[in-house]
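Participant: Below you'll find the structure I mean.
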Amino acid sequence: MVYKEVYERWQSDPEAFWMEAAEAIDWDQKPSKALFDDNAPLYEWFCDGKVNGCYNAVDRHVENGRGDQVAIIHDSPITGSISKITYAELQTRVASLAGALAAKGVSKGDRVIIYMPMVPEALEAMLACARIGAIHSVVFGGFAANELAVRIDDAQPKAIIAASCGLEPGRVVEYKPLLDGAIDLATHKPEVCVVLQREQCAAEMTERDVDWHAFQEGVAPANCVPVEGNHPAYILYTSGTTGAPKGVVRPTGGHLVALNWTMKNIYNVDPGDVFWAASDVGWVVGHSYICYAPLIHGNTTIVFEGKPVGTPDAGTFWRVIAEHNVRSFFTAPTAFRAIKREDPKGEFIKKYDISGLRALFLAGERADPDTIEWAQDIMGVPVYDHWWQTETGYTMVGNPAGIEALPVKIGSPTVAMPGFDVQILDDEGNQMAPNELGAIAVKLPLPPGTLPTLWNAEDRFRKSYLNTFPGYYETGDAGMIDEDGYLYIMARTDDVINVAGHRLSTGGMEEVLAGHPDVAECAVIGVTDQLKGQLPVGFVCLTKGVNRPHGDITAECVKLVRERIGPVAAFKLAVVVERLPKTRSGKILRGTMVKIADSEEFKMPATIDDPAILDEIRDALKTIGYAA
């Protein structure tokens, strides 16, 4: 079948489509139907089925004779080590940890916070929770104590599983003092903290703490506990506009069905193939595509402890792909911009044979055409941008390479996947014509595996996602759909600026700036202007080795935008900066930059990679007459 037929089959009978997809999952009790809509617009899926996430990700592969297949490859260029764990070994390790948690009184519905770096034990902790029906909440390792405390108070975990430290290029980040500080700040106190001691930094233990290995000694392994299809598998906190994090809930049954479906249909991998998502377990990509989806589908997954550059060089991605015969690779565009900045001519890739790779998938932020074209040129494989969110858990709009590789239109993540009826709406909620800029919304119900609500915050869920456009899920992104059904995401809704009455996308201007030969990375924000309402300001980071006068480069940038978008953009201000403020997952903190430019108060973003960058941005803005 071709994509159009598959999408139409879903549209004509969603119930049959998802019940068929559910056949690929091993249920303890099969669901009687797919969609439960008696509490609309809060929809749920596979509610009366009984299933276990860990069984589907681990045990069933062992029982089906694949126990000797490698499940997890841990590749850590920071420590210089590579290790491999088979499905049979993973089953033993996960059952042991689950048994220890159960012996400590952790049972179905209890929460466990996981605060770990990129080590296999992080996945084992997630799977051990799933095995006994506990709900895990992974918090990015090294997160600030006060932010971790907020999550402890919201999730109220019975136990916390942590590591003594995480490793960054050139430094060791001690986790235990951050964890202890968070527990001191939190009102809720966990009963036990399990600590994986790493040799790079041993943590000081308190009465509350127990060593990872000692915790599991003399304890019987746990069996898989079946849970209802709508039982939460995990809570994942995503940043909220109010500063309070939003706890996205992931239901077990739909999560298993949808993620399994994506591995072949979107990423085009077969069981046994090596799949690599270069992300972190603290983010949704790590949950969906480092831990769960590859293992549910019977793939080998890579847990990578390193960076795209500096561990040791801009060739580390190519080494991992070559050494482990990666078939499908998924990362954020920011990683490729970092590689391109260090190695613009692609010299490092010539040292490695990546001929086993079939495709590169990009997501997490807008993939600018320049980055996509550069990646295509040096890698020689298709580069597929695709679009989804923490809330959805997997692809809303992408290129279904396992069904039919559609023509790539650079700048578009391609077309809506089955389950997602994506539309462009105006402020009143009316559907807009092709190629018109508006709010991107998805007609309800959302498909299986997407968030049914927020943890302990149903009112906030409705307000954040459902109330603006009744009958739709509001994505918070702005864009347009062309006459072929291809979506173009131009900006977050907040990043559509109004210049003298003209609605303009900062993303469109960024695409133009990224095309300048000396620009490695860029961001455009709208700053307040008394005459025109808002004015765009461009920030550009230069490619390594460029040493031309900055004034010449910014003048060329201004000229480019005026030529490509026109004088209507009123683009007159650009400034060169060494780096851009980002979250640890690579998203540029444009909203914070706007507040600095407008001299407004702002809360330091919890996910910021390096707070010192904000001072550099403030200094750059002052040179062009903005920021107090």
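Under this note's numbering, the sequence shown has 311 at position 311, and the numbering climbs by one with no breaks. Using N, Cα and C, we set each Cβ at its ideal position, and we do this for glycine too. Owing to the predicted nature of the structure, the values given are computational and were not obtained by experimental measurement.
1. Does the distance from the CB of V397 to the CB of T414 come in under 8 angstroms?
2. Anyone know if the C-beta pair for D280 and M118 falls short of 8 angstroms?
3. If you follow the beta strand (DSSP E) that A186 is part of, which residue opens it and which one closes it?
4. Is there contact between the stretch 494 to 510 and the stretch 416 to 436, where contact requires at least three CB pairs shorter than 8 angstroms?
5. How big is the Cα-Cα spacing for N498 and D426?
6. Am I right that A134 and V106 are in contact with their C-beta atoms under 8 angstroms? What's the rounded C-beta distance?
7. Could you check the C-alpha separation between V112 and A21 for me, to the nearest Å?
8. G181: beta carbon under 7 angstroms from a heavy atom of the ligand SAH?
9. Between the alpha carbons of I403 and H61, how many angstroms are there, rounded?
10. Identify, in the order they occur along the chain, each residue of the same chain with its Cβ nearer than 6 angstroms to the Cβ of T241, setting aside the five sequence neighbours on each side.
11. From A163 to A375, what does the alpha carbon distance come to, in whole angstroms?
12. Below 8 angstroms on the Cβ atoms is my guess for V527 versus A597; work out the distance and round it to an integer in Å.
13. Count the C-beta pairs between the stretch 31 to 45 and the stretch 443 to 453 that are closer than 8 angstroms, then say yes if the count reaches three, no if not.
14. Please name the residue, chosen from A128, L580 and G485, that lies closest to I525 on a Cα-to-Cα basis.
15. If we count the other Cβ atoms within 10 Å of its Cβ and call it buried at 16 or more, is P549 buried or exposed?
16. Within this structure, are the beta carbons of V138 and G449 separated by less than 8 angstroms?
17. For F304, collect the residues of the same chain with a Cβ closer than 6 angstroms to its Cβ; drop the 5 residues on either side in sequence, then sort them by chain order.
18. Using the C-alpha atoms, what's the distance from Y473 back to D421?
19. Exposed or buried, M1, counting other C-beta atoms within 10 Å across all chains shown (16 or more means buried)?
20. Does the separation of the CB atoms of H255 and Y292 fall below 8 angstroms?
21. Report the option in R131, E15 and A144 whose CA atom is closest to the CA atom of M604.
22. Flag this pair as touching only if the stretch 295 to 311 and the stretch 377 to 394 have three or more C-beta atom pairs under 8 angstroms; answer yes or no.
23. What separation, rounded to the nearest whole angstrom, lies between the Cα atoms of A202 and V195?
24. Could you tell me the distance, in whole angstroms, from the CA atom of I72 to the CA atom of F140?
25. Going by DSSP in three states, D615 sits in which element: helix, strand or coil?
26. With D209 as the anchor, note down where its beta strand (DSSP E) starts and where it stops.
27. Opposite H502 in the DSSP bridges: which residues?
28. Who are the near neighbours of P271 in its chain, counting only those whose CB is closer than 7 angstroms to its CB and skipping five residues on each side?
29. Out of E458, Q423, D482 and G419, state which residue places its alpha-carbon closest to the alpha-carbon of E15.
30. Here's the rule I'm using: 16 or more other beta-carbon atoms within 10 Å means buried, otherwise exposed. How should T554 be labelled?
31. Could you spell out where the beta strand (DSSP E) holding C541 opens and where it closes?
32. Can you list, in chain order, the stretches of the beta strand (DSSP E) that have 3 or more residues and sit fully within the stretch 421 to 491?
33. Ignoring anything shorter than 3 residues, give me the beta strand (DSSP E) runs that lie fully in the stretch 266 to 311, in order along the chain.
Facilitator: Let's see:
1. Walking along the sequence shown from the start, residue 397 turns up at place 397. Walking along the sequence shown from the start, residue 414 turns up at place 414. Yes, Cβ-Cβ distance for V397 and T414 is below 8 angstroms.
2. Within the sequence shown, the letter at position 280 stands for residue 280. Within the sequence shown, the letter at position 118 stands for residue 118. Their beta carbons are under 8 angstroms apart, which means D280 touches M118 by this criterion.
3. The residue you call residue 186 lines up with position 186 of the sequence shown. Bounds of any beta strand (DSSP E) do not take in A186, whose DSSP letter is neither H nor E.
4. no
5. Numbered from 1 along the sequence shown, position 498 holds the residue referred to as residue 498. Numbered from 1 along the sequence shown, position 426 holds the residue referred to as residue 426. When rounded, the distance between both Cα atoms is 15 angstroms.
6. Here residue 134 corresponds to residue number 134 of the sequence shown, with the count starting at 1. Here residue 106 corresponds to residue number 106 of the sequence shown, with the count starting at 1. Yes, A134 and V106 are in contact; Cβ-Cβ is about 5 angstroms, under 8 angstroms.
7. As a position in the sequence shown, residue 112 is number 112, starting the count at 1. As a position in the sequence shown, residue 21 is number 21, starting the count at 1. Computed Cα separation, rounded: 30 angstroms.
8. The model depicted lacks the ligand SAH and carries no ligand whatsoever.
9. Here residue 403 refers to the residue found at position 403 when the sequence shown is read from its first residue. Here residue 61 refers to the residue found at position 61 when the sequence shown is read from its first residue. One Cα belongs to I403, the other to H61, and the distance between them is close to 24 angstroms.
10. Residue 241 sits at position 241 when you count from the first residue of the sequence shown. Any reading at T241 must be qualified, since the residue scores a pLDDT of 49, below 50, and its modelled position is unreliable; the value itself is stated next. Excluding residues within five positions, none has a Cβ falling inside 6 angstroms.
11. By one-based count along the sequence shown, residue 163 stands at place 163. By one-based count along the sequence shown, residue 375 stands at place 375. Taking the straight line joining both Cα atoms gives about 35 angstroms.
12. For the purposes of this step, residue 527 is taken as residue 527 along the sequence shown, with counting starting at 1. For the purposes of this step, residue 597 is taken as residue 597 along the sequence shown, with counting starting at 1. Correct: roughly 4 angstroms between the Cβ atoms.
13. yes
14. Counting from 1 along the sequence shown, the entry for residue 525 is found at position 525. The alpha carbon of I525 has as its nearest neighbour, out of A128, L580 and G485, the alpha carbon of L580.
15. By 1-based counting over the sequence shown, the position of residue 549 is 549. Classification of P549: exposed, given that the 10 Å Cβ count is below 16.
16. Counting from 1 along the sequence shown, the entry for residue 138 is found at position 138. Counting from 1 along the sequence shown, the entry for residue 449 is found at position 449. Contact flag unset, no.
17. By 1-based counting over the sequence shown, the position of residue 304 is 304. Counting only Cβ-Cβ distances below 6 angstroms, and skipping sequence neighbours, we find D75 and A278.
18. Along the sequence shown, read from residue 1 onward, the residue named residue 421 stands at position 421. Along the sequence shown, read from residue 1 onward, the residue named residue 473 stands at position 473. Going from the Cα of D421 to the Cα of Y473 covers about 10 angstroms.
19. The count along the sequence shown starts at 1 and reaches residue 1 at position 1. So M1 ends up on the exposed side.
20. Translated into positions along the sequence shown, residue 255 becomes position 255. Translated into positions along the sequence shown, residue 292 becomes position 292. Yes, these two residues count as a Cβ contact at 8 angstroms.
21. Here residue 604 is taken as the residue at index 604 of the sequence shown, counted from 1. That would be A144, whose Cα lies nearest to the Cα of M604.
22. no
23. As a working mapping, residue 202 is identified with position 202 in the sequence shown. As a working mapping, residue 195 is identified with position 195 in the sequence shown. Their backbone Cα atoms lie some 10 angstroms apart in a straight line.
24. As a first step, residue 72 must be located in the sequence shown, where it is residue number 72. As a first step, residue 140 must be located in the sequence shown, where it is residue number 140. For I72 and F140, the distance between alpha carbons rounds to 20 angstroms.
25. Counting from one through the sequence shown, the residue named residue 615 turns up at place 615. Correct three-state label for D615: helix.
26. Counting from 1 along the sequence shown, the entry for residue 209 is found at position 209. Note, D209: beta strand (DSSP E), D209 to D211.
27. Locating residue 502 in the sequence shown gives position 502, counting from the first residue. DSSP output for H502 lists V499 as bridge partner(s).
28. Mapped onto the sequence shown, residue 271 falls at position 271. H297, G298 and N299, listed in sequence order.
29. Here residue 15 refers to the residue found at position 15 when the sequence shown is read from its first residue. Cα-wise, what sits closest to E15 is G419.
30. Reading the sequence shown from its first residue, position 554 is the one you call residue 554. Per the 10 Å Cβ criterion, buried.
31. By one-based count along the sequence shown, residue 541 stands at place 541. Looking at the DSSP string, the run of the beta strand (DSSP E) that includes C541 is G533 to L542.
32. 422 to 425, 438 to 443 and 472 to 481
33. 274 to 277 and 300 to 304
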